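Okay, structure first, notes after.
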Amino acid sequence: MTEPVVDAGRVLDLIPVPNRAVREETRAGATILYTPIEWSWWLRALSWLLPVRRERGFALDALGQEVWRECDGERTIEMIVDAFASRHRVRFHEARQAVLQFLRMLSERNLIAMLLDGSEEA
Amino acid sequence: MMIGEPEPQVLAQRIDWLGLGLRVPTDWEIIRHSSNPERGALVFVDRRHERLRVSWTECQKEPDLERLIADFTKAKGLESVGPLWRRADGTLGFAHRVSHGRWATRSVRYHPLERRLVELELYANDERQANELTHSVLESFSTTAEAFGLSAFGLSIAGPAGMELTQADVRPMDVRVELSVVESKLARTRVSVRKMGAADTWFSGDYRALLERQGPTQYYRSFSTTVVREHDALSAQGRERGPFFQRALGQLATLQALVWLCPVDNAVFVVSSSSKARELFDLRSVRVACCASGSCTDEVQRD
Numbered sequence: 002m003t004e005p006v007v008d009a010g011r012v013l014d015l016i017p018v019p020n021r022a023v024r025e026e027t028r029a030g031a032t033i034l035y036t037p038i039e040w041s042w043w044l045r046a047l048s049w050l051l052p053v054r055r056e057r058g059f060a061l062d063a064l065g066q067e068v069w070r071e072c073d074g075e076r077t078i079e080m081i082v083d084a085f086a087s088r089h090r091v092r093f094h095e096a097r098q099a100v101l102q103f104l105r106m107l108s109e110r111n112l113i114a115m116l117l118d119g120s121e122e123a
Numbered sequence: 040m041m042i043g044e045p046e047p048q049v050l051a052q053r054i055d056w057l058g059l060g061l062r063v064p065t066d067w068e069i070i071r072h073s074s075n076p077e078r079g080a081l082v083f084v085d086r087r088h089e090r091l092r093v094s095w096t097e098c099q100k101e102p103d104l105e106r107l108i109a110d111f112t113k114a115k116g117l118e119s120v121g122p123l124w125r126r127a128d129g130t131l132g133f134a135h136r137v138s139h140g141r142w143a144t145r146s147v148r149y150h151p152l153e154r155r156l157v158e159l160e161l162y163a164n165d166e167r168q169a170n171e172l173t174h175s176v177l178e179s180f181s182t183t184a185e186a187f188g189l190s191a192f193g194l195s196i197a198g199p200a201g202m203e204l205t206q207a208d209v210r211p212m213d214v215r216v217e218l219s220v221v222e223s224k225l226a227r228t229r230v231s232v233r234k235m236g237a238a239d240t241w242f243s244g245d246y247r248a249l250l251e252r253q254g255p256t257q258y259y260r261s262f263s264t265t266v267v268r269e270h271d272a273l274s275a276q277g278r279e280r281g282p283f284f285q286r287a288l289g290q291l292a293t294l295q296a297l298v299w300l301c302p303v304d305n306a307v308f309v310v311s312s313s314s315k316a317r318e319l320f321d322l323r324s325v326r327v328a329c330c331a332s333g334s335c336t337d338e339v340q341r342d
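So the protein lines, in turn, are chains A and B. Going letter by letter, the first sequence gives residues 2 to 123 in my numbering. Going letter by letter, the second sequence gives residues 40 to 342 in my numbering.
As structure tokens, then:
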């Protein structure tokens, strides 16, 4: 299967949509995101004998929480970056690098999906 | 404004880099840079596209600019090429169509005093816009300055004559430029200017702890509070860490640092120097603008 290619200029038009299966928990001011783990047959068998974890957790720092909250399935990356840049008084390109790096990490961990024009998955 | 009409470009951002000065729109950013004065380039982008490439090459003799352009058009096999124009300052340029229906201008000029050939490649949506913007940028173009000046990446630094840029490390919300000044035949002072943004998310207000984290080889021992541009600052002095015999022989560099938080820029600035010269380098001779970068470069830091 080939990876969908998005024009670099259109990356800002992508809309990060949170994974509905993600469970959010706040502990001592830190947000932890839990995604369910898909068990393989041997893990399922092992779960009869041993306690096997069902979820994988990802802790977010203050900046991560800000960006995560803005991934509401409506805002584009450009809007999120703009808001981040004005909130922290940094240049747009600095904010873009930081936000994109974080969104890539979220995407790699299946916490979000990227949509183009609200329909097509990128 | 009519649909499709290009937005008027306000060249409100001043860029000074290795003796080249120009103005560009505020939303253009440098994404690639070179700190080699002999040969290099600065590449600017707007939010979505590459917009400008300024490249320079050291050239002992003035090249034939017309031939350079002819060779370029021939090598690239350009088809849609606009008329060649020459400005009063000697700049020669032309516009040509590039991919996706966009236009680019390419202009070249030789600066005999600096012995540098400077090329500008600017991209726009149509030929007229490309030409107009190129002329506006060229209008703002300047070279050489007696004193050192650097404006880029949200940093604006003015320094004494003879100061040189040696390295720039640009990361999101953390820009560090390394400069050097020749103090004597044997001694060279290295100056580092660092701007760390989004300070509200990570900076606790402890300047001393921040300085101690600057590097394992740095050892600051005397601290005093001071004021920089109405911001509370910390001034520190120390020396490089090293074995006793090197210290006894005076081979370890003396360190100075000035650190302050600018709440307007939401950034922490660290200006530091490292020198083996006998006399202390005057750190106040390096003027770093803060409070909406670029607006107060003429002010002098005061103790």
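Where a beta carbon is used, it is the ideal one built from N, C-alpha and C, also for glycine. For clarity, every value in this text was computed on a predicted model and none was experimentally measured.
Which same chain residues end up closer than 6 angstroms to Ala60/A when comparing Cβ atoms and leaving out the 5 residues on each side of it in sequence? Excluding residues up to 5 positions away in sequence, Ala31 and Ile33 lie with their Cβ nearer than 6 angstroms to the Cβ of Ala60/A in the same chain.
In whole angstroms, what is the alpha-carbon distance linking Leu116/A and Trp67/B? In this model, Leu116/A and Trp67/B are separated by some 27 angstroms (Cα to Cα).
Ordered along the chain, which non-local residues of its own chain (more than five positions away) have a Cβ less than 6 angstroms from that of Tyr259/B? The beta carbon of Tyr259/B is closer than 6 angstroms to those of Leu250, Ala275 and Gly277 in its chain, skipping five residues each way along the sequence.
Nearest to Leu159/B (by Cα), restricted to the options Gly79/B, Val325/B, Ser119/B and Asp271/B: Looking at the Cα atoms, Gly79/B is the closest of the given residues.
Hey, out of Cys72/A, Ser41/A, Leu104/A and Thr27/A, whose CA is closest to Arg21/A's CA? Residue Cys72/A is the option with its Cα nearest to Arg21/A.
With a 10 Å radius around its C-beta and 16 neighbouring C-beta atoms as the bar for buried, classify His139/B as buried or exposed. Under the 10 Å beta carbon count, His139/B is surrounded by fewer than 16 other beta carbons and is classified as exposed.
Note down, in chain order, every chain C residue with its Cβ under 7 angstroms from the Cβ of Pro211/B. Of the protein chains in this structure, namely A and B, none is chain C.
Under a three-way DSSP split, which group does Ala63/A fall into? Three-state result, Ala63/A: helix.
Beta strand (DSSP E) segment containing Ile69/B, residue limits: For Ile69/B, the uninterrupted beta strand (DSSP E) segment begins and ends at Glu68 to Arg71.
Taking DSSP as the reference, what is the three-state secondary structure of Ala163/B? Three-state DSSP puts Ala163/B in a strand.
Taking any Cβ of chain A, which residues in the stretch 229 to 246 of chain B have a Cβ under 8 angstroms from it, in chain order? Per Cβ criterion, the list reads Gly236, Ala237, Asp239 and Thr240.
Three-state class that DSSP yields for Ser175/B in the structure shown: Of the three classes helix, strand and coil, the one that applies to Ser175/B here is helix, per DSSP.
List the residues that DSSP assigns as beta-bridge partners of Thr256/B. Listed as beta-bridge partners of Thr256/B by DSSP are no residues whatsoever.
Look at Met212/B and Val91/A and say whether their C-beta atoms are less than 8 angstroms apart. Yes, they are a contact pair.
Spell out a yes or no on whether the stretch 217 to 237 of chain B and the stretch 75 to 95 of chain B are touching, meaning 3 or more CB-CB pairs, one atom from each, closer than 8 angstroms. By the Cβ rule, the stretch 217 to 237 of chain B does not count as touching the stretch 75 to 95 of chain B, because fewer than three pairs are nearer than 8 angstroms.
Thinking just about the alpha-carbon of each residue, which of Pro64/B, Val147/B and Asp165/B is nearest to the one in Arg86/B? The shortest C-alpha separation from Arg86/B is found at Pro64/B.
I'd like the span of the beta strand (DSSP E) that includes Ser94/B, first residue to last. Segment Glu89 to Glu97, the beta strand (DSSP E) holding Ser94/B.
For Gly132/B, which of Lys100/B, Leu61/B, Glu318/B and Leu172/B has the nearest alpha-carbon? Considering only alpha carbons, the answer is Leu172/B.
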